[in-house]
Amino acid sequence: MRISLGTRVTLGVVTTVILAVVYVPLLVVLVNSFSTSSSLTWPPPGFTLEWWGRAFRSDGALEAVGTSALVALISSALALVLGTMLSFALQRFSFFGRNTVNLLVILPIALPGIITGIALNNLFRTILGVPLSIWTVIIAHTTFCIVTVFNNAVARLRRMGTSLEEASADLGAGVWTTFRLVTFPQLRSALLTGGLLAFALSFDEIVVTTFTAGSGVRTLPMFIIDNVARPNQAPIVSVIAVVLVVVSIVPIALAQKLSGSEQQRR
Numbered sequence: 001m002r003i004s005l006g007t008r009v010t011l012g013v014v015t016t017v018i019l020a021v022v023y024v025p026l027l028v029v030l031v032n033s034f035s036t037s038s039s040l041t042w043p044p045p046g047f048t049l050e051w052w053g054r055a056f057r058s059d060g061a062l063e064a065v066g067t068s069a070l071v072a073l074i075s076s077a078l079a080l081v082l083g084t085m086l087s088f089a090l091q092r093f094s095f096f097g098r099n100t101v102n103l104l105v106i107l108p109i110a111l112p113g114i115i116t117g118i119a120l121n122n123l124f125r126t127i128l129g130v131p132l133s134i135w136t137v138i139i140a141h142t143t144f145c146i147v148t149v150f151n152n153a154v155a156r157l158r159r160m161g162t163s164l165e166e167a168s169a170d171l172g173a174g175v176w177t178t179f180r181l182v183t184f185p186q187l188r189s190a191l192l193t194g195g196l197l198a199f200a201l202s203f204d205e206i207v208v209t210t211f212t213a214g215s216g217v218r219t220l221p222m223f224i225i226d227n228v229a230r231p232n233q234a235p236i237v238s239v240i241a242v243v244l245v246v247v248s249i250v251p252i253a254l255a256q257k258l259s260g261s262e263q264q265r266r
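The numbering of the sequence shown is full-length UniProt numbering, which starts it at 1 and goes up by one.
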């Protein structure tokens, strides 16, 4: 399809403006993390690495990073198992209510986080009588991390078809042998992509975490919110925000690269 020069220029300008609105504030945060000012004045009066050193020596920040990483890893692992099982059940089998179950699986990612947080808070504290802890946060994160794994696995299963699995069964291979040697190698990159996206989604989640975390649990996003308005803490928060952006970008970039490599091989 050919488009006119005016249309190309218009699309280029609109794209540039949108990208600037999204990424210029991130650039400002990056610059502020090196500012000599403790109140984040603009433009920065000077540049220093002092705040980076303080951030990496902060026990509270390091503990928050560890908590976020632990929650994200366990949530992603649970999501990989449950999301894969759900994708097989809903893609390879027909049963009454399948479409309804499919909707219910995807719904947590579409609901506003505050609704999910309130619902899970009521579930844990009122219905089950379970005290809020790091495990309630993990369970809460798993509910929406499942969706990323499920969507990737279902999409791959639809493209794969069943011909190779049927051929494996005709040649005498059992169910687990077929899964290990035929199904899983084709599904592996989709699961890895879903797991990376789930990790990124869990690592920087704040709304659901706020409603499901106990008093002794503080993830990295919660640490940022607690300290952003405190005196002399804003530059340290900027450092942590930069680290959080990098940590979020890496798994997303890897997932995108894996998806692109898979499409090129196909």
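C-beta atoms are modelled at their ideal positions from N, C-alpha and C, and glycine is treated no differently.
Since the structure is predicted, the reported quantities are computational estimates derived from the model, not experimental observations.
| Query | Result |
| --- | --- |
| With a 10 Å radius around its C-beta and 16 neighbouring C-beta atoms as the bar for buried, classify Ile224 as buried or exposed. | buried |
| Which one of Gly6, Leu244, Ala213, Leu30 has the shortest CA to CA distance from Leu132? | Ala213 |
| When you compare the CB positions of Ala190 and Arg156, do they come within less than 8 angstroms of one another, or not? | yes |
| Just tell me which of Thr143, Ser238, Gln91, Leu62 has its CA closest to the CA of Ile106. | Thr143 |
| So if DSSP puts Ser35 in a beta bridge, which residue, or which two residues, is it bridged to? | Phe47 |
| Start and end of the alpha helix (DSSP H) containing Val4? | Position check: residue 4 holds Ser in this sequence, whereas Val was assumed. It is not in any alpha helix (DSSP H) - Ser4 carries neither H nor E in the DSSP assignment. |
| How would you write the range of the alpha helix (DSSP H) that Val228 sits in, first residue to last? | Per DSSP, Val228 belongs to no alpha helix (DSSP H) and is neither H nor E. |
| Between Ala79 and Leu220, is the Cβ-Cβ spacing less than 8 angstroms? | no |
| Report the residue from Tyr23, Val17, Arg57 whose alpha carbon sits nearest the alpha carbon of Val239. | Arg57 |
| Pick helix, strand or coil for Gly214, following the three-state DSSP scheme. | coil |
| Since Leu181 is in the alpha helix (DSSP H), which residue starts that stretch and which ends it? | Per DSSP, Leu181 belongs to no alpha helix (DSSP H) and is neither H nor E. |
| Below 8 angstroms between beta carbons: does that hold for Arg218 and Thr116? | no |
| When the Cα of Thr36 is compared with those of Ile252, Ile236, Val13, which residue comes out closest? | Ile236 |
| Does the beta-carbon of Val175 have 16 or more other beta-carbons within 10 angstroms, so that it is buried, or is it exposed? | exposed |
| Measure the C-alpha to C-alpha separation of Val81 and Thr209 and round it to an integer number of angstroms. | 22 angstroms |
| Starting from the Cα of Val247, find the closest Cα among Phe211, Ala200, Met222 and give me that residue. | Ala200 |
| Do you know offhand how far Ile118's Cα is from Ile74's? | 22 angstroms |
| In three-state terms, what does DSSP make of Pro221? | helix |
| What three-state label does DSSP hand Thr162 in the structure shown? | coil |
| If you count every other CB in all the chains shown that lies within 10 Å of the CB of Pro108, and 16 or more means buried, which is it? | buried |
| Contact between the segment 154 to 170 and the segment 80 to 98 is defined here as three or more beta-carbon pairs at a separation below 8 angstroms; is this criterion met? | yes |
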